[in-house]
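Visitor:
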Amino acid sequence: MRTTTVVVGAGHCGLAVSRRLTERSIEHVVLERGEVANSWRTQRWDSLRLLTPNWQSRLPGYNYRSHGGTDPDGFMSMPEVIEFVSGYARAIEAPVRTGTTVTSVRPSGAGYIVDTDKGRWECETVVLATGGFNVAKVPDLGGSLPAQVSALSAFEYRNPQRLAPGGVLVVGASATGVQIADEVHRSGRPVTVAVGEHVRMPRLYRGRDILWWMERSGLFDERYDEVDDVVRVRKTPSPQLVGTPERATLDLNALTDQGVRLVGRLAALRGTEALLSGSLPNKCELADLKLGRLLDTFDEWADESRLDTVGPPERFASTRVPESPPLSLDLARGDIRTVIWATGFKAEYPWLDVPVIDRKGQVRHDGGVVTDSPGMYIIGLNFLRRRKSSFILGAGDDSGDLVDHLAGHLDSLVAA
Amino acid sequence: MTTASVDNGVNVEHLLGARQALSEAPEAAQFTWKATNEWLNGTHSRSAVDSYHGLGEEHQHRSTFTFEADHPLVFGAEDNAATPVELVLAGLASCLTAGVAAVAQNREIQLRSVKATLEGSMDILGILGGDPDVRNGFKDVKVSYDIDADATADEIKALVAQSQKRSAVYDIITNPTNVTVEVN
Numbered sequence: 009m010r011t012t013t014v015v016v017g018a019g020h021c022g023l024a025v026s027r028r029l030t031e032r033s034i035e036h037v038v039l040e041r042g043e044v045a046n047s048w049r050t051q052r053w054d055s056l057r058l059l060t061p062n063w064q065s066r067l068p069g070y071n072y073r074s075h076g077g078t079d080p081d082g083f084m085s086m087p088e089v090i091e092f093v094s095g096y097a098r099a100i101e102a103p104v105r106t107g108t109t110v111t112s113v114r115p116s117g118a119g120y121i122v123d124t125d126k127g128r129w130e131c132e133t134v135v136l137a138t139g140g141f142n143v144a145k146v147p148d149l150g151g152s153l154p155a156q157v158s159a160l161s162a163f164e165y166r167n168p169q170r171l172a173p174g175g176v177l178v179v180g181a182s183a184t185g186v187q188i189a190d191e192v193h194r195s196g197r198p199v200t201v202a203v204g205e206h207v208r209m210p211r212l213y214r215g216r217d218i219l220w221w222m223e224r225s226g227l228f229d230e231r232y233d234e235v236d237d238v239v240r241v242r243k244t245p246s247p248q249l250v251g252t253p254e255r256a257t258l259d260l261n262a263l264t265d266q267g268v269r270l271v272g273r274l275a276a277l278r279g280t281e282a283l284l285s286g287s288l289p290n291k292c293e294l295a296d297l298k299l300g301r302l303l304d305t306f307d308e309w310a311d312e313s314r315l316d317t318v319g320p321p322e323r324f325a326s327t328r329v330p331e332s333p334p335l336s337l338d339l340a341r342g343d344i345r346t347v348i349w350a351t352g353f354k355a356e357y358p359w360l361d362v363p364v365i366d367r368k369g370q371v372r373h374d375g376g377v378v379t380d381s382p383g384m385y386i387i388g389l390n391f392l393r394r395r396k397s398s399f400i401l402g403a404g405d406d407s408g409d410l411v412d413h414l415a416g417h418l419d420s421l422v423a424a
Numbered sequence: 467m468t469t470a471s472v473d474n475g476v477n478v479e480h481l482l483g484a485r486q487a488l489s490e491a492p493e494a495a496q497f498t499w500k501a502t503n504e505w506l507n508g509t510h511s512r513s514a515v516d517s518y519h520g521l522g523e524e525h526q527h528r529s530t531f532t533f534e535a536d537h538p539l540v541f542g543a544e545d546n547a548a549t550p551v552e553l554v555l556a557g558l559a560s561c562l563t564a565g566v567a568a569v570a571q572n573r574e575i576q577l578r579s580v581k582a583t584l585e586g587s588m589d590i591l592g593i594l595g596g597d598p599d600v601r602n603g604f605k606d607v608k609v610s611y612d613i614d615a616d617a618t619a620d621e622i623k624a625l626v627a628q629s630q631k632r633s634a635v636y637d638i639i640t641n642p643t644n645v646t647v648e649v650n
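Going line by line, the protein sequences match chains A and B.
Note that the first sequence covers residues 9 to 424 in the numbering used here.
Note that the second sequence covers residues 467 to 650 in the numbering used here.
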């Protein structure tokens, strides 16, 4: 089979690219190993809601209102996200081939050959939209957990009831870690959270959603080629946010108030002991200072724009760090029965037979343009082109830019 | 990168250039730091540092640096030099202060004075073998900085916080490290 562009992955990014290609009458297919919005269907825990308020769910040619939504300040549950992304696929009539697993992508002449379990595609251009978060990262801690402790990743976690009774160690305190810690602790299983570097954010600031501030102040639009350290910002963990009907803040103080125990980063496993870093005060202070700078930025922007629709500036209490957090936990003692890895996600590309993978297993690219392999693009990664790139609303501008570039590349092929 | 008016004596361009170069050639980033030590008498010994390995080759320090250590009079020793644990505090302080200067230079903050006071508290029943539940090492370490700089209080706090984030000795002290000791 032959087409101009193969898009790999029918999540919101792949679909946004499809819409942009359709706008330009570029023939294409979207190959999807499962169903539309597959990761949202299969790799999320039961209670998860989007971090972004509903009004921020917008894609090229589609938004929350045109989807028929009536709660702009709410946060979509997973069934609602699946329905939103599926509704988008229908609305834009995306040429999606579901149940089609890509087994290889490799260069061929001026284009690519994409092999799938349903046959071969030949094309000029390929867009990788498989997501940046499809494999759970579990750190190498130089040892293994005792047999009596069960371990699962955030992808395997579904709800507290499936866990053994007893204590739970949640490793990681970004969005995933704090949300799971909160829910598991409420189920009566005492939770300890191992806290490394994290990004603290209140849900609401001066009466507005913190992501309203991120968007309206222009911070979400900050470009990858404008920040002084793109490597660092791309590795920035997801903010400690949760989308709840109460619009509650879920920072470390909120967890402490509930009785969750905070300890330092899990540094190593030695025998049956989990060794914890003594760096907890520093990690909390870094996050507090960073939050202060973020709020300063928002306040300056609000002053300059003479905003009168927001409340007065606020500052939040410093993170309360326990006096002497333990430096080790004996996992054989029985008080911790489960370890949940909330230590981040990464992408894997075992089917990509193109020499564009760096030593960390990630695709080398310049703002989504895979410059080492003309005609190849990637979308849906952290800070791909803008701070908002990994959020649903980031797909619009990124897909527009990349399909502009892709169209230019097709023109150059014709000219040659 | 930096303005002429801010000079903390740190060559930030060199450091940033090294980061760039070593990200592309990670094998050159593998360094080995070395020291030798020789017993003098009693608890008194002398360490020497003269070379290290990095950037794919051996490097000599500009001269051989020596550090003596001993135990204090209250331990029945001669107190010829600082105790080893005080050298650890000195190492932590030097590492953090170097970081403060480098971060300040990168952030274009002029430093006027940077002073640190360190305290490591220890229950010496641990090293005396007097109580098996007491560890040998520090119970905790407190570092207190007095910094005079052209910056706000929060900017100065951020310098110190960032310095900890990038400090080798802070990492060595706060995180476990495999240590192998052999006898030839």
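Just so it is clear, CB atoms sit at the ideal spot from N, CA and C, and this is done for glycine as well.
This structure is a prediction, so every number in the text was calculated from the model and none was measured.
For the segment 614 to 628 of chain B, which residues have a CB atom closer than 7 Å to at least one CB atom of chain A, in sequence order?
Guide: Flagged, chain order: Asp620, Lys623, Ala624 and Ala627.
Visitor: Applying the 10 Å Cβ sphere with the 16-neighbour rule, what's the burial state of Trp63 of chain A?
Guide: By 1-based counting over the first sequence, the position of residue 63 of chain A is 55. It is buried - the Cβ of Trp63 of chain A has at least 16 other Cβ atoms within 10 Å.
Visitor: Do three or more CB pairs link the segment 636 to 644 of chain B to the segment 274 to 286 of chain A at distances below 8 Å?
Guide: With a cut-off of 8 Å, the segment 274 to 286 of chain A and the segment 636 to 644 of chain B count as touching, because enough Cβ pairs lie within range.
Visitor: Does any CB atom of chain A fall closer than 8 Å to the CB of Gln630 of chain B?
Guide: On the second sequence, position 164 is the one that residue 630 of chain B refers to. With 8 Å as the cut-off, Gln630 of chain B counts as an interface residue toward chain A.
Visitor: What residues in the segment 258 to 279 of chain A have a beta carbon less than 9 Å from any beta carbon of chain B?
Guide: The segment 258 to 279 of chain A vs chain B, Cβ under 9 Å: Gly272, Arg273, Ala275, Ala276 and Arg278.
Visitor: In or out: Ser420 of chain A buried (at least 16 other Cβ within 10 Å) or exposed?
Guide: In the first sequence, residue 420 of chain A corresponds to position 412, counting from 1. Per the 10 Å Cβ criterion, exposed.
Visitor: For a contact meaning CB atoms closer than 8 Å, what does Leu153 of chain A contact in chain B?
Guide: Taking the first sequence and counting its residues from 1, the one referred to as residue 153 of chain A is at position 145. Chain B residues near Leu153 of chain A: none, gap ~16 Å exceeds 8 Å.
Visitor: Throw me the rounded Cβ distance for the Gly17 of chain A and Glu40 of chain A pair, which I believe falls under 8 Å.
Guide: Working through the first sequence from its first residue, we reach residue 17 of chain A at position 9. Working through the first sequence from its first residue, we reach residue 40 of chain A at position 32. With a Cβ gap of about 7 Å, Gly17 of chain A and Glu40 of chain A count as contacting.
Visitor: Rounded to the nearest angstrom, what separates Tyr611 of chain B and Val580 of chain B at their Cα positions?
Guide: Taking the first residue of the second sequence as 1, we reach residue 611 of chain B at position 145. Taking the first residue of the second sequence as 1, we reach residue 580 of chain B at position 114. Cα to Cα, the separation comes out at about 7 Å.
Visitor: Report all residues from its chain with a CB closer than 8 Å to the CB of Gly300 of chain A; omit the five preceding and five following residues, and keep chain order.
Guide: In the first sequence, residue 300 of chain A corresponds to position 292, counting from 1. Closer than 8 Å at the Cβ level, and outside the excluded window around Gly300 of chain A, lie Arg323.
Visitor: Return the chain-ordered list of same chain residues with a C-beta closer than 6 Å to the C-beta of Phe391 of chain A, the five sequence neighbours on each side being excluded.
Guide: By one-based count along the first sequence, residue 391 of chain A stands at place 383. Around Phe391 of chain A: Tyr232, Val241, Arg242 and Ser397.
Visitor: Let me see if you follow: with CB-CB separation under 8 Å, is Asn477 of chain B close to chain A or not?
Guide: Numbered from its first residue, the second sequence carries residue 477 of chain B at position 11. Answer no: the Cβ-Cβ gap between Asn477 of chain B and chain A never drops below 8 Å.
Visitor: Got a sec: which bits of the segment 570 to 601 of chain B sit with their beta carbon under 8 Å from any beta carbon on chain A, in order along the chain?
Guide: So the list is empty, because no residue satisfies the distance condition.
Visitor: Output yes if chain B places a C-beta closer than 8 Å to the C-beta of Leu283 of chain A; else output no.
Guide: Sequence index remark: in the first sequence, residue 283 of chain A carries index 275 (1-based). Interface residue, yes.
Visitor: By the 10 Å Cβ neighbour count, where 16 or more other Cβ atoms means buried, how is Asp409 of chain A classified, buried or exposed?
Guide: For the purposes of this step, residue 409 of chain A is taken as residue 401 along the first sequence, with counting starting at 1. Asp409 of chain A should be labelled buried.
Visitor: Can you check whether the C-beta of Arg367 of chain A is within less than 8 Å of a C-beta belonging to chain B?
Guide: Against the first sequence, residue 367 of chain A aligns to sequence position 359. Answer yes: the Cβ-Cβ gap between Arg367 of chain A and chain B drops below 8 Å somewhere.
Visitor: Give the C-beta separation of Leu136 of chain A and Ile400 of chain A to the nearest angstrom, bearing in mind that I take them to be a contact with Cβ-Cβ under 8 Å.
Guide: As a first step, residue 136 of chain A is located in the first sequence; it is residue number 128 there, counting from the start. As a first step, residue 400 of chain A is located in the first sequence; it is residue number 392 there, counting from the start. About 18 Å separates the two Cβ atoms, so there is no contact after all.
Visitor: Within 8 Å (strictly less), CB to CB, does Thr640 of chain B reach chain A?
Guide: Mapped onto the second sequence, residue 640 of chain B falls at position 174. Taking Cβ atoms only, chain A reaches closer than 8 Å to Thr640 of chain B, which makes this a yes.
Visitor: In three-state terms, what does DSSP make of Lys608 of chain B?
Guide: Taking the first residue of the second sequence as 1, we reach residue 608 of chain B at position 142. Looking at Lys608 of chain B - three-state DSSP - the assignment turns out to be strand.
Visitor: In the DSSP assignment, what are the bridge partners of Val176 of chain A?
Guide: Here residue 176 of chain A is taken as the residue at index 168 of the first sequence, counted from 1. According to DSSP, Val176 of chain A bridges with A:Val199 and A:Thr346.
Visitor: Once the 5 residues before and after Arg601 of chain B are set aside, which same chain residues still bring their CB inside 7 Å of it?
Guide: Along the second sequence, one-based indexing puts residue 601 of chain B at 135. Gly592, listed in sequence order.
Visitor: Strictly under 8 Å for the Cβ-Cβ distance: is Gly352 of chain A near chain B by that measure?
Guide: On the first sequence, position 344 is the one that residue 352 of chain A refers to. Chain B, which has no Cβ nearer than 8 Å to the Cβ of Gly352 of chain A, makes this no.
Visitor: Ignoring anything shorter than 3 residues, give me the beta strand (DSSP E) runs that lie fully in the segment 50 to 137 of chain A, in order along the chain.
Guide: Those beta strand (DSSP E) runs which fall completely within the segment 50 to 137 of chain A and span 3+ residues are 110 to 116, 119 to 124, 127 to 131 and 133 to 136.
Visitor: Taking buried to mean at least 16 other C-beta atoms within 10 Å of its own C-beta, is Met222 of chain A buried or exposed?
Guide: Numbered from 1 along the first sequence, position 214 holds the residue referred to as residue 222 of chain A. Buried is the call here.
Visitor: Can the beta-carbon of Val250 of chain A be found less than 8 Å from the beta-carbon of His193 of chain A?
Guide: Walking along the first sequence from the start, residue 250 of chain A turns up at place 242. Walking along the first sequence from the start, residue 193 of chain A turns up at place 185. No. Outside cutoff.
Visitor: Mapping DSSP to helix, strand and coil, what is Tyr165 of chain A?
Guide: Taking the first sequence and counting its residues from 1, one reaches residue 165 of chain A at position 157. Coil.
Visitor: In three-state DSSP terms, what is Ser158 of chain A?
Guide: One-based indexing of the first sequence puts residue 158 of chain A at position 150. Of the three classes helix, strand and coil, the one that applies to Ser158 of chain A here is strand, per DSSP.
Visitor: Comparing C-alpha positions only, which one of B:Gly483, B:Glu479 and B:Glu493 sits nearest to Arg367 of chain A?
Guide: Within the first sequence, numbered from 1, the residue matching residue 367 of chain A stands at position 359. Ranking the options by Cα distance to Arg367 of chain A, first place goes to B:Glu493.
Visitor: Following the continuous alpha helix (DSSP H) through Arg28 of chain A, name the residue where it begins and the one where it ends.
Guide: The count along the first sequence starts at 1 and reaches residue 28 of chain A at position 20. Run containing Arg28 of chain A: His20 to Glu31, per the alpha helix (DSSP H) assignment.
Visitor: Return helix, strand or coil for Trp499 of chain B, following the three-state DSSP convention.
Guide: As a first step, residue 499 of chain B must be located in the second sequence, where it is residue number 33. If DSSP states are grouped into helix, strand and coil, Trp499 of chain B belongs with the strands.
Visitor: What does Gly520 of chain B pair with, by DSSP beta-bridge criteria?
Guide: As a working note, residue 520 of chain B is residue 54 in the second sequence. Note: Gly520 of chain B sits in a beta bridge opposite B:Glu523.
Visitor: Kindly indicate the opening and closing residues of the alpha helix (DSSP H) around Val192 of chain A.
Guide: As a first step, residue 192 of chain A must be located in the first sequence, where it is residue number 184. Unbroken alpha helix (DSSP H) run through Val192 of chain A: Ala183 to Arg194.
Visitor: Return no unless some Cβ of chain A is closer than 8 Å to the Cβ of Asp612 of chain B.
Guide: Along the second sequence, one-based indexing puts residue 612 of chain B at 146. Not one chain A Cβ lies under 8 Å of Asp612 of chain B.
Visitor: Name the chain A residues that come within less than 9 Å of Asp606 of chain B, Cβ to Cβ?
Guide: For the purposes of this step, residue 606 of chain B is identified with residue 140 of the second sequence, where counting begins at 1. Residues of chain A passing the Cβ test: Gly286 and Ser332.
Visitor: Provide the residue span of the alpha helix (DSSP H) that contains Val411 of chain A, from first to last.
Guide: Your numbering for residue 411 of chain A matches position 403 in the first sequence. Gly402 to Ala423 is the span of the alpha helix (DSSP H), which, as asked, contains Val411 of chain A.
Visitor: Could you name the residues that DSSP lists as bridge partners for Ala582 of chain B?
Guide: Sequence index remark: in the second sequence, residue 582 of chain B carries index 116 (1-based). Note: Ala582 of chain B sits in a beta bridge opposite B:Tyr611.
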